[in-house]
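> Once you've had a glance at the structure underneath, I'll fire off some questions.
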Amino acid sequence: LFGSIPDYIANKAPCSVLMVKKHEVRHISWIKKMRELVFKK
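FYI, in this note's numbering the residues of the sequence shown are 407 to 447.
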């Protein structure tokens, strides 16, 4: 459902796992990443 890595983690976890997928428009996520790089704290 979410890809092979999240599936692997969910299957190996010793407890219940809740995964949430957030849809984000590609250019918005790119802008957020660039802003974080420019304004590092």
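Where is the CB? At the ideal position from N, CA and C, for every residue including glycine. These numbers were taken from a predicted model, which means no experiment stands behind them.
Between which two residues does the alpha helix (DSSP H) carrying residue 440 extend?
Element bounds for residue 440: 432-444.
> Measuring CA to CA, which of 413, 445, 438 is closest to residue 423?
It is 413.
> Identify the continuous alpha helix (DSSP H) that holds residue 410 and give its terminal residues.
410-418
> Can you grab the Cα-Cα spacing for the pair residue 421 / residue 415, in whole Å?
C-alpha of residue 421 to C-alpha of residue 415: approximately 11 angstroms in a straight line.
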